[in-house]
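Chains as they are written, first to last, in the numbering used here: chain D, 265 to 379; chain Y, 192 to 306. Reading through the structure tokens given below for one structure.
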Amino acid sequence: GAVVSQHPSRVICKSGTSVKIECRSLDFQATTMFWYRQFPKQSLMLMATSNEGSKATYEQGVEKDKFLINHASLTLSTLTVTSAHPEDSSFYICSAPPGGFYGYTFGSGTRLTVV
Amino acid sequence: AQTVTQSQPEMSVQEAETVTLSCTYDTSESDYYLFWYKQPPSRQMILVIRQEAYKQQNATENRFSVNFQKAAKSFSLKISDSQLGDAAMYFCAYEGGGATNKLIFGTGTLLAVQP
Numbered sequence: 265g266a267v268v269s270q271h272p273s274r275v276i277c278k279s280g281t282s283v284k285i286e287c288r289s290l291d292f293q294a295t296t297m298f299w300y301r302q303f304p305k306q307s308l309m310l311m312a313t314s315n316e317g318s319k320a321t322y323e324q325g326v327e328k329d330k331f332l333i334n335h336a337s338l339t340l341s342t343l344t345v346t347s348a349h350p351e352d353s354s355f356y357i358c359s360a361p362p363g364g365f366y367g368y369t370f371g372s373g374t375r376l377t378v379v
Numbered sequence: 192a193q194t195v196t197q198s199q200p201e202m203s204v205q206e207a208e209t210v211t212l213s214c215t216y217d218t219s220e221s222d223y224y225l226f227w228y229k230q231p232p233s234r235q236m237i238l239v240i241r242q243e244a245y246k247q248q249n250a251t252e253n254r255f256s257v258n259f260q261k262a263a264k265s266f267s268l269k270i271s272d273s274q275l276g277d278a279a280m281y282f283c284a285y286e287g288g289g290a291t292n293k294l295i296f297g298t299g300t301l302l303a304v305q306p
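Set out below in structure tokens:
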């Protein structure tokens, strides 16, 4: 089945630094990648939609200069949290639609802790 | 805008018993897809079941089945013969039939399975 590999699974960084999260589609071409943020015991909130070769579309209220998204190839999308602060600590998940019956496939998530 | 509502924050079921999780949604579209996703403690999102709105027949996947009432905009999930491994957060999700293809999630239902 379709697999999205997300790395790192956990990252701790110092306040003010930047962190990059990668999502790779392993056995299909992901022209679109969705990026979600999830707080403990809450639902997934869509942050942005990335499309290969074009600028990402951000949801209302999401700072595009803080959450930089790059989708340079059909198999790789990245989310960079710039100048991270403790309030950016959260669980980040990527998801791609591989098409067909399977619907969406999700990465395993990245737990970001900013200290 | 489309919305998805899960009115049961938490549910509990005895092992081997049956439980139904509720989901309602609001949309003006006639063509769309509905999903139930499971998120165990690992936080990996797992597709449980998928329903196309144009299909009148309720989807079934082994012990999981849905009651899809299009006119009432209701999409409940029934889990039969509950197992300890079914304990997880369950999210109902909506995908519109348009070009954006983004998933809209409900707030989730935390299911506990009692031995």
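Cβ atoms here follow ideal geometry from the backbone N, Cα and C, with glycine treated the same way.
Alpha carbon to alpha carbon, how far is residue j from residue i? Give it in angstroms, no decimals.
| i | j | result |
| --- | --- | --- |
| K246(Y) | Y228(Y) | 20 Å |
| F303(D) | Q242(Y) | 27 Å |
| F331(D) | K305(D) | 22 Å |
| M272(Y) | P361(D) | According to the sequence displayed, residue 272(Y) carries Asp and not Met. Their Cα atoms are separated by approximately 31 Å. |
| Y322(D) | I333(D) | 9 Å |
| T313(D) | F298(D) | 5 Å |
| V195(Y) | T281(D) | 36 Å |
| F355(D) | A250(Y) | 31 Å |
| T374(D) | L302(Y) | 23 Å |
| S265(Y) | S307(D) | 19 Å |
| F292(D) | K293(Y) | 18 Å |
| R301(D) | Q205(Y) | 32 Å |
| P232(Y) | L225(Y) | 23 Å |
| A278(Y) | Q260(Y) | 26 Å |
| L275(Y) | P306(Y) | 7 Å |
| V379(D) | Q248(Y) | 51 Å |
| F370(D) | I357(D) | 7 Å |
| T298(Y) | F282(Y) | 7 Å |
| H349(D) | E327(D) | 13 Å |
| M309(D) | E208(Y) | 32 Å |
| V210(Y) | S198(Y) | 15 Å |
| V262(D) | Q270(D) | Residue 262(D) cannot be examined here, being either before or after the span of chain D that is shown, 265 to 379. |
| V345(D) | G287(Y) | 29 Å |
For the beta strand (DSSP E) holding residue i, just list the boundary residues, first then last.
| i | result |
| --- | --- |
| R301(D) | 296-302 |
| S256(Y) | 255-260 |
| R241(Y) | 237-243 |
| Y223(Y) | 223-230 |
| K246(Y) | Premise fails: K246(Y) is in no beta strand (DSSP E) and is neither H nor E. |
| Q324(D) | Unbroken run through Q324(D): none, as it is neither H nor E. |
| A303(Y) | 300-305 |
| E206(Y) | Careful: E206(Y) lies outside any beta strand (DSSP E) and carries neither H nor E. |
| K269(Y) | 265-270 |
| F296(Y) | 294-296 |
Since residue i sits in a beta bridge, which residues does DSSP pair it with?
| i | result |
| --- | --- |
| H271(D) | E286(D) |
| N334(D) | T342(D) |
| R375(D) | R274(D), F355(D) |
| Y216(Y) | V195(Y) |
| M309(D) | R301(D) |
| A360(D) | T369(D) |
| E252(Y) | F255(Y) |
| F282(Y) | Y228(Y) |
| G287(Y) | Y223(Y) |
| T211(Y) | K269(Y) |
Give the DSSP-derived three-state secondary structure of residue i in the structure shown.
| i | result |
| --- | --- |
| G276(Y) | helix |
Since residue i contacts residue j with CB under 8 Å, what's their CB separation in whole angstroms?
| i | j | result |
| --- | --- | --- |
| L343(D) | I285(D) | 5 Å |
| W338(D) | A294(D) | Here the sequence assigns Leu to residue 338(D), which means Trp is not the residue at that position. At roughly 6 Å, the Cβ-Cβ gap stays under 8 Å, so L338(D) and A294(D) are in contact. |
| S347(D) | T377(D) | So it is not a contact: roughly 16 Å between Cβ atoms. |
Closer than 6 Å to a non-hydrogen atom of the ligand PLP - does that hold for the CB of residue i?
| i | result |
| --- | --- |
| D329(D) | No copy of the ligand PLP appears in this structure; indeed no ligand is present at all. |
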